[in-house]
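Taken in sequence, the protein lines are chains G and R. Using the numbering used here, read the first sequence as starting at 2 and increasing by one per residue. Using the numbering used here, read the second sequence as starting at 2 and increasing by one per residue. For every residue, glycine included, the Cβ atom is placed at its ideal position computed from N, Cα and C.
2 protein chains.
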Amino acid sequence: MSLRGKVITLQDVAARAGVSRMTVSKVLRGAGNISAETRRRVKQAADELGYLPNNLAGSLSSRKSRMVAVIIPSISDIVFSEVLSGINATLRPRGLQTFIGESLFEPETETELIRAMLSFRPAGILLNGGTARSADAESLLARRTCPAIQLWDCDRRALDFSAGPSHEEAGRLVAGHFLERGLRRIAYVGAELKKDLCAGRRHLALKSSLAAAGIDLLSVTCEDRPRQAVTGRFLTEELMRMRPDVDAIHFLNDAMALGGLSYLHEIGLAVPDRISVVGFNGTSLANAVRTRLTTVDVPRTEIGEKAAQALLQMITEAPMVDSWQAPLELVQGNTTVAI
Amino acid sequence: MSLRGKVITLQDVAARAGVSRMTVSKVLRGAGNISAETRRRVKQAADELGYLPNNLAGSLSSRKSRMVAVIIPSISDIVFSEVLSGINATLRPRGLQTFIGESLFEPETETELIRAMLSFRPAGILLNGGTARSADAESLLARRTCPAIQLWDCDRRALDFSAGPSHEEAGRLVAGHFLERGLRRIAYVGAELKKDLCAGRRHLALKSSLAAAGIDLLSVTCEDRPRQAVTGRFLTEELMRMRPDVDAIHFLNDAMALGGLSYLHEIGLAVPDRISVVGFNGTSLANAVRTRLTTVDVPRTEIGEKAAQALLQMITEAPMVDSWQAPLELVQGNTTVAI
DNA sequence: TTAGTCGATGTTATCGATAACAATTCGGTT
DNA sequence: AACCGAATTGTTATCGATAACATCGACTAA
Numbered sequence: 002m003s004l005r006g007k008v009i010t011l012q013d014v015a016a017r018a019g020v021s022r023m024t025v026s027k028v029l030r031g032a033g034n035i036s037a038e039t040r041r042r043v044k045q046a047a048d049e050l051g052y053l054p055n056n057l058a059g060s061l062s063s064r065k066s067r068m069v070a071v072i073i074p075s076i077s078d079i080v081f082s083e084v085l086s087g088i089n090a091t092l093r094p095r096g097l098q099t100f101i102g103e104s105l106f107e108p109e110t111e112t113e114l115i116r117a118m119l120s121f122r123p124a125g126i127l128l129n130g131g132t133a134r135s136a137d138a139e140s141l142l143a144r145r146t147c148p149a150i151q152l153w154d155c156d157r158r159a160l161d162f163s164a165g166p167s168h169e170e171a172g173r174l175v176a177g178h179f180l181e182r183g184l185r186r187i188a189y190v191g192a193e194l195k196k197d198l199c200a201g202r203r204h205l206a207l208k209s210s211l212a213a214a215g216i217d218l219l220s221v222t223c224e225d226r227p228r229q230a231v232t233g234r235f236l237t238e239e240l241m242r243m244r245p246d247v248d249a250i251h252f253l254n255d256a257m258a259l260g261g262l263s264y265l266h267e268i269g270l271a272v273p274d275r276i277s278v279v280g281f282n283g284t285s286l287a288n289a290v291r292t293r294l295t296t297v298d299v300p301r302t303e304i305g306e307k308a309a310q311a312l313l314q315m316i317t318e319a320p321m322v323d324s325w326q327a328p329l330e331l332v333q334g335n336t337t338v339a340i
Numbered sequence: 002m003s004l005r006g007k008v009i010t011l012q013d014v015a016a017r018a019g020v021s022r023m024t025v026s027k028v029l030r031g032a033g034n035i036s037a038e039t040r041r042r043v044k045q046a047a048d049e050l051g052y053l054p055n056n057l058a059g060s061l062s063s064r065k066s067r068m069v070a071v072i073i074p075s076i077s078d079i080v081f082s083e084v085l086s087g088i089n090a091t092l093r094p095r096g097l098q099t100f101i102g103e104s105l106f107e108p109e110t111e112t113e114l115i116r117a118m119l120s121f122r123p124a125g126i127l128l129n130g131g132t133a134r135s136a137d138a139e140s141l142l143a144r145r146t147c148p149a150i151q152l153w154d155c156d157r158r159a160l161d162f163s164a165g166p167s168h169e170e171a172g173r174l175v176a177g178h179f180l181e182r183g184l185r186r187i188a189y190v191g192a193e194l195k196k197d198l199c200a201g202r203r204h205l206a207l208k209s210s211l212a213a214a215g216i217d218l219l220s221v222t223c224e225d226r227p228r229q230a231v232t233g234r235f236l237t238e239e240l241m242r243m244r245p246d247v248d249a250i251h252f253l254n255d256a257m258a259l260g261g262l263s264y265l266h267e268i269g270l271a272v273p274d275r276i277s278v279v280g281f282n283g284t285s286l287a288n289a290v291r292t293r294l295t296t297v298d299v300p301r302t303e304i305g306e307k308a309a310q311a312l313l314q315m316i317t318e319a320p321m322v323d324s325w326q327a328p329l330e331l332v333q334g335n336t337t338v339a340i
């Protein structure tokens, strides 16, 4: 398909306004000293011609960019999309445009995205910390010419700044919750732990905290099912078959926890009296209409905001710290009605 | 913050491999006839130097791009993120990278995104059809130099191709469902209809189909609350106060329907025996663990795939049709247990 | 009057690649 | 030996902007 003819360039605007290219460039960027009259003429000419600047040329020439690359594992996961909202809300008013890529938790896809995005020489790059990073990705990042920020993970301090919770703290928090209540037959239910490294670290922290108290954590996980409600339900069924006397379960996330909850409800186990259930993320707080799940609330939007603020600081060369640890809060639910 | 020194360019690779810039360019793009030995040397030199092509320069020079711009209203809305998955899955294997922007249903934000993305001269642009489009946006699109595709809306055929359902058909489908069952006290519950034009058209189609059967649709909507479960619940409460004898409700989407459902369950109204409830999207099919809501299923992933396929065709100049209408299916639920 | 200053605009080189075409090499023909 | 065409590699111009500096006139100060 072929679309209209002539592309309007600075030169065309300059000709129409009766000035040089440079003057047009300055007017449109709001740079330099240009008289009011000339500004008016140039703007009018640009409008009349419908001039659209070519960012490829502009950024190439100035070696500056207003684009920020963001790579997250999954767009449909509300967790990441809320982090993204925080990023957008902070960057957009400052004139920076975010470009989003989805890695699907796949290291190769992430690598390709990093390559593609860096090849546009962005003003900054924000990456999710949860994915395993390929050697190629590491070396691309090592040679970057813009600030890089790690999201969602504050334990692994790889780049210029990190914003996210300590997943190890999260694991300990949940362990403490169970131990305080004197629970001892504790299980963990999760999926795709090999892909989602953060979840993996929460799991390990839970396991070792419990081990320190002489408790052996029973983990029911699988790698080939999605980290969603249906899987939570399915694995909980398995768990209850294997060990019907379990009295506490920590789920990888809230979605899986709600799935598990529905099964526990169905077989008549009272939550939290007979069995304690804890999710992760706090997404259920916003979504649930009746069921209030006990969960670890993570300030998702704020993580995005802090990351974006850090980026802005780095772009403007301001001095700064190198990480922001998101506060975690264990929120008690009222789970008597299953979903 | 200042990041390392020298940026590696084609010239550096050329020098190290002992060939000209042009040869390096050809090798790395896989173009032209280059001897195996030269290819080897060039690739090795590029690897050793850690060369990363500068897409700004490349695309500027060739006036070609491998980037595809996608603008959706909301990233956290699972509906759009599933469309996106279909797009990504189709384009990525063909070497096209998608860059995503979030318009938040705001015409000005959408306009700025269109401007920013077009100024990178992408290979194509995919836009959601649901948002009102500003005059500026229209004129930017009119002057585009790449194919443009409209997503999620097949009624308004503005661009080079449209992929999505007919929202008017959806409204009629729901009307038919109610009428077949002899229901006559019918209500509609929705939010932000001014922003989401597609929802608005579904609503109007429902209203006029019912009017044709002599039925007056009662609409309970508001503009200042999110299109989510809590709002569905809240508006359903209002509705039931205003008109307790209502026997059918169509909700803007599944999330709102589930919110409404929980309230109906709470006040003891049996669904679907006493009152019929229909959602929209079919997202509940995947998410619900126990509650199966009656809903209009939209093939979200497939919409993304069809749109991406059309784009690929246009890029390669192949002849083509100008729209794909997504099939809709009204799926019966088993709603006896509220969420 | 004359240099100095400032504001407004223009000139030239450059950013890092690719297109289009030119040049070279080389084995095979006649 | 001279020539030819295919395969390979190089040269030059260009993409559309911006940086850095040059210019020019008007106005001020000595």
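Could you check which residue in G:Ala15, G:Ile72 and G:Asn34 has the C-alpha nearest to that of Glu109 of chain G?
The count along the first sequence starts at 1 and reaches residue 109 of chain G at position 108. For Glu109 of chain G, the nearest C-alpha among the options comes from G:Ile72.
In chain R, which residues lie with their C-beta within 7 Å of the C-beta of Gly334 of chain G?
As a working note, residue 334 of chain G is residue 333 in the first sequence. Those do not exist, as Gly334 of chain G stays about 15 Å from chain R at its closest Cβ, beyond 7 Å.
CB contact check: Ile126 of chain R to chain G, cutoff 8 Å
The sequence position of residue 126 of chain R within the second sequence is 125, counting from 1. It does not: the Cβ of Ile126 of chain R has no partner Cβ on chain G nearer than 8 Å.
Just to check my reading of the structure: Ser220 of chain R and Asp248 of chain R have Cβ atoms closer than 8 Å, yes? What is that Cβ distance to the nearest angstrom?
Taking the first residue of the second sequence as 1, we reach residue 220 of chain R at position 219. Taking the first residue of the second sequence as 1, we reach residue 248 of chain R at position 247. Contact flag wrong, Cβ pair sits at about 16 Å.
If you compare alpha carbons, which of R:Arg173, R:Arg17 and R:Ser75 is closest to Asp48 of chain R?
Taking the first residue of the second sequence as position 1, residue 48 of chain R is located at position 47. Nearest of R:Arg173, R:Arg17 and R:Ser75 to Asp48 of chain R, Cα basis: R:Arg17.
With the cut-off set at 8 Å, would you say Ala164 of chain R and Ala37 of chain R are in Cβ contact?
Working through the second sequence from its first residue, we reach residue 164 of chain R at position 163. Working through the second sequence from its first residue, we reach residue 37 of chain R at position 36. No, the Cβ-Cβ distance between Ala164 of chain R and Ala37 of chain R is not below 8 Å.
Exposure label - Asn129 of chain G; buried when at least 16 CB within 10 Å:
Indexing the first sequence from 1 puts residue 129 of chain G at position 128. The residue in question, Asn129 of chain G, is buried, as its Cβ has 16 or more Cβ neighbours within 10 Å.
Could you confirm whether any beta carbon from chain G is found closer than 8 Å to the beta carbon of Thr39 of chain R?
To locate residue 39 of chain R, count along the second sequence from 1; it is residue 38. No, its Cβ sits nowhere closer than 8 Å to a Cβ of chain G.
Would you kindly report the start and end of the unbroken beta strand (DSSP E) that includes Glu83 of chain G?
As a working mapping, residue 83 of chain G is identified with position 82 in the first sequence. Note, Glu83 of chain G: premise wrong, no beta strand (DSSP E); alpha helix (DSSP H) at Ile79 to Leu92.
At a CB distance below 7 Å, what residues from the stretch 7–39 of chain G approach chain R? Give them in sequence order.
Val8
If you pair each beta-carbon of the stretch 61–70 of chain R with each one of the stretch 99–106 of chain R, do three or more pairs fall below 8 Å?
yes
Hey, does Thr337 of chain R have any beta-carbon neighbour from chain G nearer than 8 Å?
Taking the second sequence and counting its residues from 1, the one referred to as residue 337 of chain R is at position 336. Any answer about Thr337 of chain R is weak, because its pLDDT of 46 lies below 50 and its placement is not dependable; what the coordinates show is given next. No, Thr337 of chain R lies away from the interface with chain G (no Cβ there is under 8 Å from its Cβ).
CB Val25 of chain R to CB Ala15 of chain R, shorter than 8 Å?
In the second sequence, residue 25 of chain R corresponds to position 24, counting from 1. In the second sequence, residue 15 of chain R corresponds to position 14, counting from 1. The beta carbons of Val25 of chain R and Ala15 of chain R sit closer together than 8 Å.
Whether Glu238 of chain R touches Tyr264 of chain R by CB criterion (8 Å):
As a working mapping, residue 238 of chain R is identified with position 237 in the second sequence. As a working mapping, residue 264 of chain R is identified with position 263 in the second sequence. Yes, they are a contact pair.
Nonlocal neighbours in the same chain, by C-beta distance under 6 Å from Glu330 of chain G, ignoring five residues either side
Taking the first residue of the first sequence as position 1, residue 330 of chain G is located at position 329. Within the same chain, Glu330 of chain G has close Cβ partners Asp298.
Can you check DSSP and say which residues form a bridge with Val43 of chain G?
For the purposes of this step, residue 43 of chain G is identified with residue 42 of the first sequence, where counting begins at 1. None; Val43 of chain G has no bridge partner.
Starting from the beta carbon of Glu83 of chain R, find every residue of chain G whose beta carbon is closer than 8 Å, and list them in chain order.
Within the second sequence, residue 83 of chain R is the residue found at index 82, counting from 1. Chain G residues near Glu83 of chain R: Ser77.
So which residues on chain G does Ser167 of chain R lean against when the C-beta distance must stay under 8 Å?
As a first step, residue 167 of chain R is located in the second sequence; it is residue number 166 there, counting from the start. None at all; the shortest Cβ gap to chain G is about 24 Å.
For Val231 of chain R versus Gly283 of chain R, is the C-beta distance shorter than 8 Å?
The sequence position of residue 231 of chain R within the second sequence is 230, counting from 1. The sequence position of residue 283 of chain R within the second sequence is 282, counting from 1. It is not a contact, given that the beta carbons lie outside the stated cut-off.
Can you tell me which of the three DSSP states Thr302 of chain G falls into?
The residue you call residue 302 of chain G lines up with position 301 of the first sequence. Reduced to three states, the DSSP call for Thr302 of chain G is helix.
Helix, strand or coil for Gln310 of chain R per DSSP?
The residue given as residue 310 of chain R occupies position 309 in the second sequence. Three-state DSSP puts Gln310 of chain R in a helix.
Residue ranges of each beta strand (DSSP E) within the stretch 150–222 of chain G, 3 or longer:
162–166 and 187–192
Using a Cβ-Cβ cut-off of 8 Å (strictly less than) and excluding sequence neighbours within five positions of Arg202 of chain G, which residues of its own chain qualify?
Within the first sequence, the letter at position 201 stands for residue 202 of chain G. Counting only Cβ-Cβ distances below 8 Å, and skipping sequence neighbours, we find Asp156, His168, Glu169 and Gly172.
In the DSSP assignment, the alpha helix (DSSP H) including Ala258 of chain G goes from what residue to what residue?
Along the first sequence, read from residue 1 onward, the residue named residue 258 of chain G stands at position 257. That run of the alpha helix (DSSP H) goes Asp255 to Glu267.
Chain R contacts from the stretch 309–321 of chain G (Cβ-Cβ distance under 7 Å):
Cβ contacts with chain R come from Met315 and Glu318.
Taking its Cβ as the centre, do 16 or more other Cβ atoms sit within 10 Å of Gly96 of chain G, making it buried, or is it exposed?
Locating residue 96 of chain G in the first sequence gives position 95, counting from the first residue. Per the 10 Å Cβ criterion, exposed.
For a test of the three-state rule: what should DSSP assign to Glu109 of chain R, helix, strand or coil?
Position 108 of the second sequence holds residue 109 of chain R. Correct three-state label for Glu109 of chain R: helix.
Determine contact between the stretch 52–65 of chain G and the stretch 45–62 of chain R, defined as no fewer than three beta-carbon pairs at a distance below 8 Å.
yes
Measure the Cβ-Cβ separation of Leu294 of chain R and Gly334 of chain R and say whether it is below 8 Å.
Taking the first residue of the second sequence as position 1, residue 294 of chain R is located at position 293. Taking the first residue of the second sequence as position 1, residue 334 of chain R is located at position 333. At a Cβ-Cβ threshold of 8 Å, Leu294 of chain R and Gly334 of chain R count as neighbours.
Range of the contiguous beta strand (DSSP E) that encloses Gly59 of chain G
The count along the first sequence starts at 1 and reaches residue 59 of chain G at position 58. Taken as a continuous stretch (DSSP letters only), Gly59 of chain G belongs to no beta strand (DSSP E), being part of the alpha helix (DSSP H) at Asn56 to Ser63.
Can you pull the chain G residues whose beta carbon is under 9 Å from the beta carbon of Gln1 of chain R, in chain order?
Residue 1 of chain R falls outside the range modelled here, since chain R spans only 2 to 340, and no answer is possible.
Quick one: grab the DSSP three-state call for Gly233 of chain R.
Within the second sequence, the letter at position 232 stands for residue 233 of chain R. The answer is helix: DSSP assigns Gly233 of chain R an H, G or I state.
Please determine, among G:Leu211, G:Arg301, G:Thr222 and G:Tyr189, the residue with the shortest C-alpha to C-alpha distance to Lys196 of chain G.
The residue you call residue 196 of chain G lines up with position 195 of the first sequence. Among G:Leu211, G:Arg301, G:Thr222 and G:Tyr189, the Cα nearest to that of Lys196 of chain G belongs to G:Thr222.
Among G:Ile88, G:Leu253 and G:Leu218, whose alpha-carbon lies nearest the alpha-carbon of Glu224 of chain G?
Here residue 224 of chain G refers to the residue found at position 223 when the first sequence is read from its first residue. The shortest CA-to-CA distance from Glu224 of chain G to any of G:Ile88, G:Leu253 and G:Leu218 is the one to G:Leu253.
Quick check on Arg122 of chain R: buried or exposed, where buried means 16 or more other Cβ atoms within 10 Å of its Cβ?
Numbered from 1 along the second sequence, position 121 holds the residue referred to as residue 122 of chain R. Arg122 of chain R comes out buried.
Measure the alpha-carbon distance for Lys341 of chain R versus Ser75 of chain G and round it to whole angstroms.
Examination of residue 341 of chain R is not possible in this model, given that chain R is present from 2 through 340 alone.
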